[in-house]
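Peer 1: Handing you this structure, nothing more for now.
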Amino acid sequence: MADWNGEWVKQIAETLKILASEKNIELNGAEARLKGARPPKADMGDIAFPLFPFAKEFRMAPPQLASEVASRLGESSHGRVEAAGPYVNVFLKRENIVSETLKNVLTSQGTWGNNDSLKGRKIMIEFSSPNTNKPLHLGHLRNDALGESSARILKANGADVQKVILVNDRGVHICKSMLAYKKFGQGDTPESTGIKGDRLVGDYYVKFAQWAKEDDTAEKQAQEMLQKWEAGDEEVRKLWETMNKWTLDGIGETYRKTNVSFDKYYYESQLYKLGKENILKGLEKGIFYKDEDGSTRVDMSEIGLDTKVLLRSDGTSVYITQDIGTAISRQNDWPFDQLIYVVGNEQDYHFQVLFYILKKLGYQWAEDLYHLSYGMVNLPDGKMKSREGTVVDADDLIANLSDLALEEIRAKGREEEVEDARATADAVTLAALHYYLLQVTPKKDMVFNPKESLSFNGNTGPYLQYMAARICSMERKAREMGWNTEDSQVDGTLLTADEEWELVGILADFPRVVEQAGKDHNPSLIAAALYNGAKVFSRYYHDNPILNNENTTLAKARLQLSLAVLEMLKNGFDLINIPFLAKM
RNA sequence: GCGCCCAUAGCUCAGCUGGAUAGAGCGCCGGACUUCGAAUCCGUAGGUCGCAGGUUCGAAUCCUGCUGGGCGUACCA
11 MADWNGEWVK
21 QIAETLKILA
31 SEKNIELNGA
41 EARLKGARPP
51 KADMGDIAFP
61 LFPFAKEFRM
71 APPQLASEVA
81 SRLGESSHGR
91 VEAAGPYVNV
101 FLKRENIVSE
111 TLKNVLTSQG
121 TWGNNDSLKG
131 RKIMIEFSSP
141 NTNKPLHLGH
151 LRNDALGESS
161 ARILKANGAD
171 VQKVILVNDR
181 GVHICKSMLA
191 YKKFGQGDTP
201 ESTGIKGDRL
211 VGDYYVKFAQ
221 WAKEDDTAEK
231 QAQEMLQKWE
241 AGDEEVRKLW
251 ETMNKWTLDG
261 IGETYRKTNV
271 SFDKYYYESQ
281 LYKLGKENIL
291 KGLEKGIFYK
301 DEDGSTRVDM
311 SEIGLDTKVL
321 LRSDGTSVYI
331 TQDIGTAISR
341 QNDWPFDQLI
351 YVVGNEQDYH
361 FQVLFYILKK
371 LGYQWAEDLY
381 HLSYGMVNLP
391 DGKMKSREGT
401 VVDADDLIAN
411 LSDLALEEIR
421 AKGREEEVED
431 ARATADAVTL
441 AALHYYLLQV
451 TPKKDMVFNP
461 KESLSFNGNT
471 GPYLQYMAAR
481 ICSMERKARE
491 MGWNTEDSQV
501 DGTLLTADEE
511 WELVGILADF
521 PRVVEQAGKD
531 HNPSLIAAAL
541 YNGAKVFSRY
551 YHDNPILNNE
561 NTTLAKARLQ
571 LSLAVLEMLK
581 NGFDLINIPF
591 LAKM
């Protein structure tokens with residue numbers, strides 16, 4: 011209950027100062043040294059202040075000092091204080107805080123947790139970055155989950171957020187699928203074959219690899235095609251456009267299915283030239299230099315790095331070239347206060363270089379670029395490898411999960427009740443998937459076990475959905491009984507039991523969790539808070555009758571507490587992209 | 001070689017930025033549905049927080065050095 015921390019810091023500091031002056035001791039910075047923590051057990055109080063740091067100057071043992079402070083502070087209208095060994099523990103006045111918190115939550119209209127810590131900030135966030143030669147895989151799903159969730163969290167903190175995507179639609183890898191299609195495609199289309207466009211194109215990318223094993227001119231032919239593409243060859247361009255559209259339509263369907271969207275699309279094919287121009291400008295100004303081998307390079311020795319090629323000796327652009335163009339173009343389109351790149355940690359070095367180059371080019375906003383670096387998704391026996399066919403396809407994974415969820419719904423006999431069983435199964439799937447991907451701290455690698463990982467029981471997304479659905483179920487029942495479920499006035503004296511107090515504490519803390527998640531770009535904090543809330547609630551309603559209570563006044567108060575928990579869950583679900591279900 | 005990151009229960013992960021006895025889920029074993037939805041709840045077992053030093057009243061958390069793993073260090077993207 012950090013909310014009430016400050017007040018007690020002041021009071022305790024004041025007491026310490028008085029004590030110090032009585033003993034002719036000089037005491038400074040008491041406030042800063044008083045750091046409230048949560049006691050290990052609820053019955054020990056709500057905030058604990060360790061007094062070790064003061065023991066030396068007071069020449070008192072910490073427990074002695076604690077009891078001295080506690081006896082002087084005594085009781086006030088906000089709560090009371092007790093010494094517990096070397097700690098001063100604060101017991102807050104529950105009933106006031108309960109009714110105040112519940113009122114705030116119940117009148118928040120689906121926004122509990124939102125705050126204005128980032129109000130006025132314009133934040134652009136790039137994520138997903140698909141290639142147009144193959145479908146999305148599990149790695150993209152983590153990226154998308156992180157990007158979409160971070161964007162929603164930033165918005166909840168009051169920021170003006172623009173979600174953008176960079177489509178890697180240019181390069182030799184694109185030409186490889188095109189070439190294979192030209193050779194083996196026989197005019198197939200997504201329509202004629204019934205195969206999703208991105209899958210179809212991806213299949214030809216695989217075919218190219220097979221073909222290249224037998225024909226060693228294949229790679230060369232792909233290079234030639236790229237040159238034709240760069241020269242604007244009509245036939246190549248036309249095929250390129252057609253196949254890109256297939257892929258993007260297919261990938262777009264996956265985005266729709268996973269509730270991921272973008273405000274603006276950027277295409278590498280349209281931006282690499284702008285990057286090139288800027289590098290040439292930098293070369294003129296002497297920021298970059300031409301190496302003996304003819305390539306254009308940047309010297310990064312002043313930040314302890316080597317040199318990096320920016321343009322090949324034949325003048326063509328490399329990967330980083332378009333990122334330079336993209337960043338500039340974005341600042342022009344929508345002058346941001348911050349630009350976040352959601353990209354895997356294998357590119358940490360790349361972004362260090364990119365940010366350095368933009369700084370050297372004199373763009374002040376280069377200071378506002380941030381790489382949200384995340385770890386890889388590995389399989390139990392190691393990395394996903396496309397060569398070995400161990401890449402987990404996003405669509406396949408989602409389809410399999412949905413089938414499992416559907417089976418589950420049928421097994422529980424809930425098919426009639428939920429009306430559209432497949433839609434419900436899809437929603438459960440997204441909950442399982444997104445929760446699984448977001449519960450891990452972004453920077454850490456994670457392991458995905460296809461057989462065991464995505465369970466619907468325990469610490470999972472569906473568990474959260476289930477708790478919300480159970481509360482909805484109570485709400486429906488209450489309405490049937492003619493109760494007013496809109497009331498936000500709660501008699502706090504009815505809800506002061508430890509479990510209730512704990513729930514109120516979780517609710518009261520949620521805005522701070524959202525704020526922290528925004529600051530740290532870490533959705534896992536939200537996931538953890540929601541799980542904690544759901545778990546505590548679930549024990550609470552298991553042990554305590556809520557509606558089935560002879561005391562109607564108490565029943566109504568408990569229902570209000572439940573509805574407040576529902577408020578937090580609903581808004582939290584939205585922040586980590588988990589669908590809310592009134593029934594499941 | 002050099003640089004960055006990681007290491008917590010059998011497995012997958014938390015640990016609120018230094019505080020009291022390190023927590024969940026899965027799995028194992030054992031309980032709870034004539035009662036608000038059992039996708040639930042309760043209990044048992046499971047730890048030298050990779051190793052060794054250091055800072056501190058106090059370290060999983062901070063500093064140093066090791067060990068093990070990942071990634072990067074391309075005129076690939």
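One gets our numbering by counting positions in the first sequence from 1 and adding 10 to each.
Positions of the beta carbon are idealized from the N, C-alpha and C atoms, including for glycine.
M386 by DSSP, collapsed to three states: which one?
Peer 2: The residue given as residue 386 occupies position 376 in the first sequence. Looking at M386 - three-state DSSP - the assignment turns out to be coil, as it is neither helix nor strand.
Peer 1: When the Cα of S311 is compared with those of Q362, S81, I334, which residue comes out closest?
Peer 2: Reading the first sequence from its first residue, position 301 is the one you call residue 311. Out of Q362, S81, I334, Q362 has the C-alpha closest to the C-alpha of S311.
Peer 1: I need the straight-line Cα distance from D208 to G260, nearest angstrom please.
Peer 2: Counted from its first residue, the first sequence places residue 208 at position 198. Counted from its first residue, the first sequence places residue 260 at position 250. One C-alpha to the other measures close to 5 Å.
Peer 1: Sort out for me which residues DSSP pairs N99 with in a bridge.
Peer 2: Numbered from its first residue, the first sequence carries residue 99 at position 89. Answer is A58, E92, bridged to N99.
Peer 1: Can you list, in chain order, the residues of its chain with a C-beta nearer than 7 Å to that of E302? Leave out the 5 residues immediately preceding and following it.
Peer 2: In the first sequence, residue 302 corresponds to position 292, counting from 1. Here the set comprises nothing.
Peer 1: With a threshold of 16 other CB atoms inside 10 Å of the CB of E462, please say whether the residue is buried or exposed.
Peer 2: Reading the first sequence from its first residue, position 452 is the one you call residue 462. The residue in question, E462, is exposed, as its Cβ has fewer than 16 Cβ neighbours within 10 Å.
Peer 1: For L189, tell me which candidate among E158, M253, P145, I135 has the shortest Cα-Cα distance.
Peer 2: Residue 189 sits at position 179 when you count from the first residue of the first sequence. Out of E158, M253, P145, I135, M253 has the C-alpha closest to the C-alpha of L189.
Peer 1: So, for G304: in the same chain, excluding its five sequence neighbours on each side, which residues have a beta-carbon less than 7 Å away from its beta-carbon?
Peer 2: For the purposes of this step, residue 304 is identified with residue 294 of the first sequence, where counting begins at 1. S323.
Peer 1: So, S118 versus V500, is the Cβ gap smaller than 7 Å?
Peer 2: Along the first sequence, read from residue 1 onward, the residue named residue 118 stands at position 108. Along the first sequence, read from residue 1 onward, the residue named residue 500 stands at position 490. No.
Peer 1: To which residues of the same chain is V98 closer than 7 Å at the C-beta, ignoring the five residues directly before and after it?
Peer 2: Here residue 98 corresponds to residue number 88 of the first sequence, with the count starting at 1. Within the same chain, V98 has close Cβ partners I22, F59, L61, A76, V79, A80, V91.
Peer 1: Identify whether Y191 lies in helix, strand or coil by the three-state DSSP scheme.
Peer 2: Against the first sequence, residue 191 aligns to sequence position 181. It is helical.
Peer 1: Pair every Cβ in the region 168-180 with every Cβ in the region 241-249, then say whether three or more of these pairs are closer than 8 Å.
Peer 2: No, the region 168-180 does not touch the region 241-249.
Peer 1: Who are V353's beta bridge partners in DSSP?
Peer 2: Here residue 353 corresponds to residue number 343 of the first sequence, with the count starting at 1. In DSSP, V353 forms a bridge with S383.
Peer 1: What are the boundary residues of the beta strand (DSSP E) that T306 is part of?
Peer 2: For the purposes of this step, residue 306 is taken as residue 296 along the first sequence, with counting starting at 1. 306-309 is the span of the beta strand (DSSP E), which, as asked, contains T306.
Peer 1: Any chance you could list the beta strand (DSSP E) runs of at least 3 consecutive residues sitting entirely within the region 100-187, in chain order?
Peer 2: DSSP runs (the beta strand (DSSP E)) wholly in the region 100-187: 132-136, 170-177.
Peer 1: Is DSSP giving A12 helix, strand or coil here?
Peer 2: The sequence position of residue 12 within the first sequence is 2, counting from 1. For A12, the predicted model reports a pLDDT of 46, less than 50, meaning its position is unreliable; a value from the coordinates is still stated below. In this structure, A12 counts as helix in the three-state DSSP scheme.
Peer 1: Start and end of the beta strand (DSSP E) containing T317?
Peer 2: Stepping through the first sequence from its first residue, residue 317 is reached at position 307. Note, T317: beta strand (DSSP E), 317-321.
Peer 1: How about L364 and I330: are their beta carbons less than 7 Å apart?
Peer 2: Taking the first sequence and counting its residues from 1, one reaches residue 364 at position 354. Taking the first sequence and counting its residues from 1, one reaches residue 330 at position 320. Taking 7 Å as the Cβ cut-off, L364 and I330 qualify as a contacting pair.
Peer 1: Does D403 come out as helix, strand or coil in the three-state DSSP assignment?
Peer 2: Your numbering for residue 403 matches position 393 in the first sequence. If DSSP states are grouped into helix, strand and coil, D403 belongs with the strands.
Peer 1: If I'm right that R307 touches L320 with Cβ under 8 Å, what's the distance once you round it to whole angstroms?
Peer 2: Residue mapping note: residue 307 aligns to position 297 of the first sequence, counting from 1. Residue mapping note: residue 320 aligns to position 310 of the first sequence, counting from 1. Confirmed, Cβ separation roughly 6 Å.
Peer 1: Alpha carbon to alpha carbon, how far is L293 from K370?
Peer 2: Mapped onto the first sequence, residue 293 falls at position 283. Mapped onto the first sequence, residue 370 falls at position 360. Roughly 11 Å between the two C-alpha positions.
Peer 1: Could you round the C-beta distance between G95 and N125 to whole angstroms and report it? I think they count as a contact, below 8 Å.
Peer 2: The residue you call residue 95 lines up with position 85 of the first sequence. The residue you call residue 125 lines up with position 115 of the first sequence. At roughly 36 Å, the Cβ-Cβ gap does not stay under 8 Å, so G95 and N125 are not in contact.
Peer 1: Taking the alpha helix (DSSP H) that Y275 belongs to, which residues open and close that run?
Peer 2: In the first sequence, residue 275 corresponds to position 265, counting from 1. Run containing Y275: none in the alpha helix (DSSP H); it sits in the beta strand (DSSP E), 274-277.
Peer 1: Within 10 Å of its beta-carbon, does I28 have 16 or more other beta-carbons around it, so buried, or fewer, so exposed?
Peer 2: For the purposes of this step, residue 28 is identified with residue 18 of the first sequence, where counting begins at 1. The residue is exposed, with fewer than 16 neighbouring Cβ atoms inside 10 Å.
Peer 1: If we count Cβ pairs, one from each stretch, closer than 8 Å, do we get three or more for the region 377-395 versus the region 145-160?
Peer 2: The region 377-395, when compared against the region 145-160, does touch it at the 8 Å Cβ threshold.
Peer 1: Measure the CB-CB distance between M448 and S159 and report whether it falls below 7 Å.
Peer 2: Residue numbering aside, residue 448 sits at position 438 when the first sequence is read from its first letter. Residue numbering aside, residue 159 sits at position 149 when the first sequence is read from its first letter. Reading off the sequence shown, one finds Leu at residue 448, where the question assumed Met. Yes; because the gap between Cβ atoms is below 7 Å, this pair is in contact.
Peer 1: With distances taken from CA atoms, which of E32, A30, A52, L44 is nearest W511?
Peer 2: As a working mapping, residue 511 is identified with position 501 in the first sequence. Comparing Cα-Cα distances from W511 to each of E32, A30, A52, L44, the minimum goes to A52.
Peer 1: Suppose you measure from the CA of A574 to the CA of L517; what does that come to, to the nearest Å?
Peer 2: One-based indexing of the first sequence puts residue 574 at position 564. One-based indexing of the first sequence puts residue 517 at position 507. Cα to Cα, the separation comes out at about 8 Å.
Peer 1: Does Q220 pass the burial test, meaning 16 or more other C-beta atoms within 10 Å, or should it be called exposed?
Peer 2: Counted from its first residue, the first sequence places residue 220 at position 210. So Q220 ends up on the exposed side.
Peer 1: Report the rounded CA-to-CA distance for E560 versus G130, giving the unit in angstroms.
Peer 2: Stepping through the first sequence from its first residue, residue 560 is reached at position 550. Stepping through the first sequence from its first residue, residue 130 is reached at position 120. In a straight line, the C-alpha of E560 is about 50 Å away from that of G130.
Peer 1: Looking at the strands, I want to know which residues DSSP matches up with Q348.
Peer 2: The count along the first sequence starts at 1 and reaches residue 348 at position 338. Answer by DSSP bridge pairing, in chain order: I133.
Peer 1: Which partner residues of V457 appear in the DSSP bridge assignment?
Peer 2: Mapped onto the first sequence, residue 457 falls at position 447. In the DSSP output, where bridge partners are listed per residue, V457 has N388.
Peer 1: Roughly how far, in whole angstroms, is the beta-carbon of I133 from the beta-carbon of Q348, given that I think they are within contact range, below 8 Å?
Peer 2: Indexing the first sequence from 1 puts residue 133 at position 123. Indexing the first sequence from 1 puts residue 348 at position 338. Yes, I133 and Q348 are in contact; Cβ-Cβ is about 5 Å, under 8 Å.
Peer 1: Pairing CB atoms from the region 466-478 with CB atoms from the region 427-446, are three or more of them under 8 Å?
Peer 2: Cβ pair count under 8 Å is three or more, so yes.
Peer 1: If you draw a straight line from the alpha carbon of Y351 to that of E525, how long is it in whole angstroms?
Peer 2: For this step, residue 351 is matched to residue 341 along the first sequence. For this step, residue 525 is matched to residue 515 along the first sequence. Distance between the alpha carbons of Y351 and E525 is about 20 Å.
Peer 1: Exposed or buried, what is M594 when buried is set at 16 or more other beta-carbons lying within 10 Å of its beta-carbon?
Peer 2: Locating residue 594 in the first sequence gives position 584, where the first residue counts as 1. Flag for M594 reads buried.
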